[in-house]
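Visitor: One structure follows; several queries about it will come next.
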Amino acid sequence: MSAKRRSRAAIAAYLFLAPAILGLVFYTFLPIFGVVGMGLTEWDALKAPKFIGLGNFVELFTDDMFFVRSVTSTLYFALFTVVLGTVYAFVVALLLNQRIAGRGLFRSIFFLPYIVPSIGAAIVWAWMYEANFGVINFVLNSIGLDKVQWLGNEATATPALGMMAIWGFGNYIVIYLAGLQGIPKTYLEAVEMDGGNAWHKFRHITLPLLSPVIFFNVLMSVIANLQVFVPALSITKGAPNGSTLYMVYYIFKQGFWNNRFGYASAVSLIFFAFIACVTAIIFASSRNLLFFEGE
Amino acid sequence: MTFAKKLFVFAFLAAAFIGTAAAQKTEVSYMCWYNTTQSEAQGNQALIDKYNASQDKIHVTMIAIPRDGYETKVNTMAAAGQLPDCTLLSEAMAIQFAAADLLADVSSMYPADAAPLKSLTFTYKGKAVGYSSGDEVLLLYYNKKLFDAAKLPYPPASADKTWTWKQFVDVAKKLTKDKNGKTPNDAGFDAKNIVQYGADFNRLWWMWPIIAYSNGGGLMSPDGQELWIGKPESIEAMQTLADLYIKEKVAPSVADDAAMPSLDLTLLTNKIAMATSGQWEMGVSLNNSLKDGLEYGVGVLPKLKKAVTYNTGAPYGIFKTSKNLDAAMDFIRWWSDEKNQWTNITGGILMPVMAKWYANEAAMREWADHPPRPPFAIYKTAVIDYAMHNAIQVPWYYFNGYQGLDDILSSGIDAVWNGKTTAKDYIASIMPKLQKYFDDHKAK
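So the protein lines, in turn, are chains A and B.
Residue numbers for the first sequence follow this note's numbering, so the first one is 1 and each next one is one higher.
Residue numbers for the second sequence follow this note's numbering, so the first one is 1001 and each next one is one higher.
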């Protein structure tokens, strides 16, 4: 390729990339710098911001009565959702990988919740959890069990919202399925030749070869579920007793309800660092658990 | 010039003239919320069209926002420097905007002989910064059939006959039933399986402190300068309220309460015999179940020491940033005229704002003597007189940052309502933070 053609190709490439780059710069990078700046100010959005240095961060770690509750409730939600959700998505993917009648239909059914608008889904779930007339309590009642205040009780609110999130794990199921279908049949046949059973195939072939996929899904779902927001906003509003005051909702509340945009920015920076740390820990701790074919 | 050309020139000149005339109109933007359906916004738009057609100097454009995202939207517009000229504000936001010097002084907006009730004025540093769009008071509602069946007298409908707390609890006990039909007065009463609660005094964040005022305490002094929630009278009232569930066993737990359906269904299905809530329930909720046989009654709140209730109502605000303050005021003056909100007022959702509607019986009957409101004689003493003589303002009428104060106050309050801690210990645990927040935010 001549130098002229190469540079024309490069220009074309940059032009195609431009929308994505501009989007990233203006909607991601610049706002991040903006948040860093705002985090150093006291700003109620109604008057000019006042520079207070690290004052917001000092308050956050020494004087904020909601911060710890918010972090623990977020971690609880993420842990509950990721652990159960990973098992659920993996098992469903294994089942959907079998040769069963209506496999395509089942795959669509399990994927569908992922593309349902989250606010709409949250409202429907809230109705199902409704204590007096909700379908879940109706079923419990009809088999002789007591009604449960799913969303009004500290002990059940986060698990109830977690189940809602797990229901939407369709995208992870699809990724597991793709991973399962990428496992060469010859490996599985080799186990059979050696006299191995289904468990041996799963333990020694499927699981190791899928480990990078599991790692990817776990990492993505940890990040996504630490950022849980919609159910707190649309259903519980942080109640009961702060048990669903998840971090992103807390940031939103500080900013848009209490008009503390500077403080909300500081909390989001700490939250950003927190997610980065969790991601790094997952990376570091899983290095020995992953199996890459060809290494 | 041919006829066609003449016609064209005429049409062009006419269009230019109309365009110029339209351009001369002062543009005013008005922002408001709609609760559930777009039809509410359409109703408001129809009213604005009426205003626009009624005169040729001002043209109002409506910005209708769903109720849920309203505060977010207003704050975002404020941050972006794009506030509308005038708006409906949520009660908790009003003084925050006033403290940021964004709300215009509206004290001269109405002529003295056609002014709103003083009790509906949002005030910051002595200046009126908004008037409620409607008047509301807290009341005691009850299911008449349950009282008739138990042969009990109805709760009092006038402030001078207000029940003491003991009288209230005694009646509530007689109306509380477990699944075996036993009351808390009977041996073997099963408090874990109550099917009919005798009473529910609303523990909603802004409502419950009224009982502290009734005991000589309260949330803060009416001038917003002194925090009262730590006073022994306030703590005692809070504990008394918590004991309705914990000790007296006549009220639902907060979790059960949160799961109750709307007030009309709660009363209709005999879940609760007496419940406190706002005047608006008559037009928003209770009216829906009249056709199904609901016979509701209304009375005044029980008292600890003195008969008192809260009054409230979301205010209209006019932003100082507006370039058309006079036009915005003209519109709000027209918009807030009761005759333009007549359906909501006669339908039981709102009580009028202007003092003239309370001036004599004929004026009161004109708006109040209609179903779904109860018979006028009852409504007059239980609601109108009560509102005129026994109501105090919710502190969001004068305190900057009521929402933030409540964030601290409500942070672990369920533990008090559930009996896991006492009101005394709880208030002691949060008092330093409450006091600091209060001192930082009171008007200086």
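A virtual CB, placed ideally from N, CA and C, is assigned to each residue, including glycine.
Let me know the secondary structure DSSP gives Gly1034/B once reduced to three states.
Guide: The question names Gly, yet the displayed sequence has Tyr at residue 1034/B. Of the three classes helix, strand and coil, the one that applies to Tyr1034/B here is strand, per DSSP.
Visitor: Keeping to the same chain, check which residues put their C-beta closer than 7 Å to that of Ser1119/B; ignore five residues upstream and five downstream.
Guide: Cβ neighbours of Ser1119/B beyond the five flanking positions: Asn1311, Ala1391 and Gln1393.
Visitor: Are the C-beta atoms of Asn141/A and some chain B residue less than 7 Å apart?
Guide: Not one chain B Cβ lies under 7 Å of Asn141/A.
Visitor: Please tell me whether Pro1197/B and Thr1176/B are closer than 7 Å, where the distance is taken between their beta carbons.
Guide: The sequence shown places Tyr at residue 1197/B, rather than the Pro named in the question. Yes, the Cβ-Cβ distance between Tyr1197/B and Thr1176/B is below 7 Å.
Visitor: For Lys1420/B, list the residues DSSP reports as bridge partners.
Guide: Lys1420/B is not bridged to any residue.
Visitor: So with CB distances below 7 Å, who are the chain A contacts of Thr1422/B?
Guide: None at all; the shortest Cβ gap to chain A is about 16 Å.
Visitor: Hey, which unbroken runs of the alpha helix (DSSP H) at 4 residues or more fall wholly within the stretch 1357-1404 of chain B?
Guide: Listed in chain order, the complete alpha helix (DSSP H) runs (minimum 4 residues) inside the stretch 1357-1404 of chain B are 1361-1368, 1376-1379 and 1386-1389.
Visitor: Starting from the C-beta of Lys1127/B, find all residues in its chain whose C-beta is less than 7 Å away, skip the five residues before and the five after it, and write them out in chain order.
Guide: Correct list, in chain order: Asp1105 and Ser1107.
Visitor: Find out if the Cβ-Cβ distance for the pair Tyr1141/B, Val1298/B is shorter than 7 Å.
Guide: Yes, Cβ-Cβ distance for Tyr1141/B and Val1298/B is below 7 Å.
Visitor: Are there 16 or more other CB atoms within 10 angstroms of the CB of Cys1032/B, so buried, or fewer, so exposed?
Guide: Counting Cβ neighbours within 10 Å, Cys1032/B comes out buried, since at least 16 surround it.
Visitor: Would Leu290/A and Phe215/A be called neighbours here (beta carbons separated by less than 7 Å)?
Guide: Yes; because the gap between Cβ atoms is below 7 Å, this pair is in contact.
Visitor: Counting only C-beta atoms, is Asn56/A closer than 7 Å to chain B at any point?
Guide: It does not; no Cβ of chain B falls within 7 Å.
Visitor: Scan the stretch 1106-1179 of chain B and note each continuous beta strand (DSSP E) run of 3 residues or more that stays entirely inside, going in chain order.
Guide: Runs found: 1121-1124, 1127-1132 and 1136-1143.
Visitor: Please tell me whether Leu1290/B and Pro1372/B are closer than 7 Å, where the distance is taken between their beta carbons.
Guide: Yes, these two residues count as a Cβ contact at 7 Å.
Visitor: Would Asn171/A pass as an interface residue toward chain B - the criterion being a Cβ-Cβ separation below 7 Å?
Guide: No, Asn171/A does not count as interfacial toward chain B.
Visitor: Using three-state DSSP, classify Ala1021/B as helix, strand or coil.
Guide: Only weak support is given to the placement of Ala1021/B: the predicted model assigns it a pLDDT of 48, under 50, and the question is left unresolved by the model.
Visitor: Does DSSP classify Lys1442/B as helix, strand or coil?
Guide: Coil, per DSSP.
Visitor: According to DSSP, Gln1196/B sits in a beta bridge with which residue or residues?
Guide: Answer by DSSP bridge pairing, in chain order: Lys1177/B.
Visitor: Drop a sphere of 10 angstroms on the beta-carbon of Gly1348/B, count the other beta-carbons inside from all chains shown, and report buried for 16 or more, exposed for fewer.
Guide: Burial call: buried.
Visitor: Are the C-beta of Leu84/A and some C-beta of chain B separated by less than 7 Å?
Guide: So no, Leu84/A is outside the interface.
Visitor: Contact between the stretch 1267-1276 of chain B and the stretch 1240-1248 of chain B: three or more CB pairs below 8 Å?
Guide: Touching, no, given that fewer than three Cβ pairs across the two stretches are closer than 8 Å.
Visitor: Go ahead and pull the three-state DSSP assignment for Leu1083/B.
Guide: Leu1083/B: coil per DSSP, three-state reduction.
Visitor: For Val1028/B versus Asp1085/B, is the C-beta spacing smaller than 7 Å?
Guide: Their beta carbons are under 7 Å apart, which means Val1028/B touches Asp1085/B by this criterion.
Visitor: Can you find the residues in the same chain that come closer than 7 Å, C-beta to C-beta, to Ala93/A, ignoring five residues on each side of it along the sequence?
Guide: Around Ala93/A: Ile173, Tyr176, Leu177 and Leu180.
Visitor: Taking the alpha-carbon of Ala1443/B as reference, which of Ala1078/B, Gln1096/B and Thr1061/B has the nearest alpha-carbon?
Guide: The shortest Cα separation from Ala1443/B among Ala1078/B, Gln1096/B and Thr1061/B belongs to Gln1096/B.
Visitor: Taking the beta carbon of Val25/A as the centre, do at least 16 other beta carbons fall within 10 Å, making it buried, or is it exposed?
Guide: When all chains shown are included, Val25/A counts as exposed.
Visitor: For the alpha helix (DSSP H) containing Ala1273/B, list its first residue and its last residue.
Guide: Segment Ile1272 to Gly1278 is the beta strand (DSSP E) holding Ala1273/B; no alpha helix (DSSP H) there.
Visitor: Out of Lys1174/B, Tyr1296/B and Ile1211/B, which has the shortest C-alpha to C-alpha gap to Asn1143/B?
Guide: For the residues Lys1174/B, Tyr1296/B and Ile1211/B, the minimum Cα distance to Asn1143/B belongs to Tyr1296/B.
Visitor: Jot down the residue ranges of each uninterrupted alpha helix (DSSP H) in the stretch 1193-1254 of chain B, minimum 4 residues, whole runs only, in chain order.
Guide: Segments of the alpha helix (DSSP H) lying fully in the stretch 1193-1254 of chain B: 1210-1214 and 1232-1246.
Visitor: So is Arg6/A buried or exposed if we call it buried at 16+ other beta carbons inside 10 Å?
Guide: Looking at its Cβ environment, which holds fewer than 16 other Cβ atoms inside 10 Å, Arg6/A is exposed.
Visitor: For Lys1303/B, write down the residues that DSSP places opposite it in a beta bridge.
Guide: DSSP, once it has assigned bridges, lists Thr1164/B as partnering Lys1303/B.
Visitor: Leaving out the 5 sequence neighbours to the left and right, which residues in its chain are closer than 6 Å to Gly152/A when beta-carbon positions are compared?
Guide: Only Pro240 meet the Cβ criterion.
Visitor: Spatial neighbours of Tyr1404/B within its chain, please: CB distance less than 8 Å, with the 5 preceding and 5 following residues excluded, ordered by chain position.
Guide: A quick correction: the sequence has Gly, not Tyr, at residue 1404/B. Answer for Gly1404/B: Tyr1437 and His1441, listed in chain order.
Visitor: Give every residue of the same chain whose Cβ lies closer than 7 Å to the Cβ of Ala1114/B, excluding the five residues on either side of it in the sequence, and list them in chain order.
Guide: Taken in chain order, the residues that qualify are Met1354 and Lys1356.
Visitor: Using C-beta distances below 7 Å, list every residue in its chain close to Arg1333/B, excluding the 5 sequence neighbours before and after it, in chain order.
Guide: Hits under 7 Å: Met1109 and Tyr1110.
Visitor: How far does the alpha helix (DSSP H) with Tyr1316/B in it reach, from first residue to last?
Guide: No alpha helix (DSSP H) contains Tyr1316/B, which is instead part of the beta strand (DSSP E) from Pro1315 to Ile1318.
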